[in-house]
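Okay, so here's the structure we're looking at.
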Amino acid sequence: MKLMIINGPNLNLLGKREPEVYGSTTFADYFKELQQKFPQAELHYFQSNIEGELIDKIQEVGFDYDGIVLNAAAYTHTSVGIGDAIKAVTTPVVEVHISNTHKREEFRHFSYISPVAKGVILGFGLQSYDLAIQSFLG
Ligand code: DQA
Numbered sequence: 286m287k288l289m290i291i292n293g294p295n296l297n298l299l300g301k302r303e304p305e306v307y308g309s310t311t312f313a314d315y316f317k318e319l320q321q322k323f324p325q326a327e328l329h330y331f332q333s334n335i336e337g338e339l340i341d342k343i344q345e346v347g348f349d350y351d352g353i354v355l356n357a358a359a360y361t362h363t364s365v366g367i368g369d370a371i372k373a374v375t376t377p378v379v380e381v382h383i384s385n386t387h388k389r390e391e392f393r394h395f396s397y398i399s400p401v402a403k404g405v406i407l408g409f410g411l412q413s414y415d416l417a418i419q420s421f422l423g
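The opening residue of the sequence shown carries number 286 in the working numbering; numbering runs sequentially from there.
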């Protein structure tokens with residue numbers, strides 16, 4: 286089972302970015318934990334602050350991998366292009382968010398990803414990624 290985790294803008298700062306919202310663990314450390322926790326999965330990870338690079342990665346893996354776990358971060362609420370890329374590929378995408386975006390500002394309530402995602406997991410901190418991986422492993 287080949288899975289790609291894709292993180293969008295500012296998620297490279299996890300650990301030091303608003304720790305009261307996003308926690309104090311870096312994604313690099315958390316990714317190591319995930320690899321230990323799910324040895325049956327081949328996990329890959331990509332992060333970019335650039336919308337087009339996220340689209341390129343979705344296109345690159347989206348006909349080959351078994352699943353994509355996508356936290357498009359702020360682009361969730363703005364990107365028609367990422368939504369279209371998800372529609373274009375055959376690999377199912379699970380949308381994740383660390384925070385419960387529905388408890389936050391109004392502009393975070395809308396997602397271009399949700400209507401084209403297989404499912405959505407949000408609000409469980411970094412555990413949202415665990416749950417998304419588990420959803421692919423069954
Ligand atoms: C986020 C929520 C988004 O609204 C925000 O722009 C992020 C992170 C989350 O994981 O909670 O950067 O996707």
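Virtual Cβ for every residue (Gly too), placed ideally from N, Cα, C.
With respect to the 9 Å criterion, residue 289 and residue 315 are not classified as neighbours on the basis of their beta carbons. By DSSP's assignment, residue 288 forms a beta bridge with 328, 352. Boundaries for residue 390: no beta strand (DSSP E) harbours it, and the DSSP string shows neither H nor E there. Under the 10 Å beta carbon count, residue 385 is surrounded by fewer than 16 other beta carbons and is classified as exposed.
In this chain, residue 293 is not harboured by any alpha helix (DSSP H), its DSSP state being neither H nor E.
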